[in-house]
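In terms of our numbering, the sequence shown opens at residue 1 and continues consecutively. So the structure is just underneath, and the comments pick up after that.
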Amino acid sequence: MSKEYAEQLFLQEKPTLALLAIWSLQKTYASVITKEINSTFAHTTKILAKMEDHGLVQFSVEGRVKYVELTDHGYRVVDALKNLIMAIEGETPEELHEEHSTETGEEETGSVDEARKATLDHIDRLHQQIMTTYKDLAENNTELQVMRMKIGPFSRDIQLLLNSIEENEDLIDDEGLDKLTEIQNIFDLVMKQ
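Below, the structure written as C-alpha cells:
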C-alpha cells in the first residue's frame with residue numbers, strides 16, 4: 001500500500017472512529033466495531049483489512065470468533081491521533097510548556113523539577129480534556145457506548161501517569177493528586193457501567 005493511501009485512510013471519519021473504538025474496547029470483533037462507528041459490516045471489514053495491511057491491527061481466532069486488537073504500531077498511531085486532536089483544539093504539549101515558561105520567567109533547576117512540572121502539566125491538560133469531554137457528553141445525554149469511545153482513549157495516558165508517579169512520588173503534589181483521582185473516578189464511572 002502506498003504512503004498516500006495510508007494518509008487518506010486516516011483522514012476519513014470511519015477509519016479513525018474504528019481505530020479509536022478498537023483502542024477503547026481493547027479486544028473486540030468486527031460486528032461490535034460496525035455498531036460503534038455506525039457503518040455496514042462490509043465497509044467495516046474493508047477498513048479493518050486495510051488497517052491490517054498497514055500493521056495497525058492483528059486478528060486472532062478463538063473458537064468461531066475472529067477478534068481484532070491493536071498492534072504496538074496501532075497504539076502509536078492512536079497516540080498520534082490524540083495529539084492531532086489536541087493540536088486541532090489549539091493545545092499542544094510544546095505550546096503549553098512554552099507559554100508557562102514565558103509567563104513565569106523562570107528557568108528550571110534540575111531534572112526533578114522539570115519532571116515534576118511536566119507531570120503536573122500533563123495532569124492539568126488531561127484533567128481539562130476529560131472533564132470537558134465528560135461534561136459535554138453528559139449534558140447532551142450521550143449514549144454510554146459513545147461516551148466510552150470518547151473517554152476510553154484516555155486510559156493509556158492515565159496509566160502512564162500512574163506508572164511515573166508510582167516510580168517517583170515527588171512528581172505530584174496534593175492538587176495534582178486530587179485531579180488525578182477525579183480523572184480516574186470519571187474514567188471508571190464511564191468505562192465500568
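Every residue gets a Cβ at the ideal spot worked out from N, C-alpha and C, and that includes glycine.
Whole-angstrom C-beta distance between residue j and residue i, which should lie under 8 Å
i	j	result
residue 66	residue 43	Residue 66 to residue 43, Cβ: 17 Å. No contact.
residue 73	residue 84	Wrong, their Cβ atoms sit about 16 Å apart, outside the cutoff.
residue 147	residue 190	5 Å
residue 137	residue 150	6 Å
residue 170	residue 116	6 Å
Within 7 Å, strictly: CB atoms of residue i and residue j
i	j	result
residue 122	residue 179	no
residue 130	residue 154	yes
Own chain, CB closer than 7 Å to residue i, minus 5 neighbours either side, in chain order
i	result
residue 184	158
residue 22	28, 33, 57, 68, 69 and 70
C-alpha gap between residue i and residue j, whole angstroms
i	j	result
residue 119	residue 192	26 Å
residue 133	residue 87	16 Å
residue 188	residue 174	21 Å
residue 156	residue 48	22 Å
residue 152	residue 20	8 Å
residue 51	residue 60	14 Å
residue 76	residue 164	19 Å
residue 82	residue 62	31 Å
residue 176	residue 64	46 Å
residue 25	residue 135	22 Å
Strand pairing of residue i, partner residues [DSSP]
i	result
residue 12	Looking at the DSSP assignment, residue 12 forms no beta bridge with any residue, so it has no partner.
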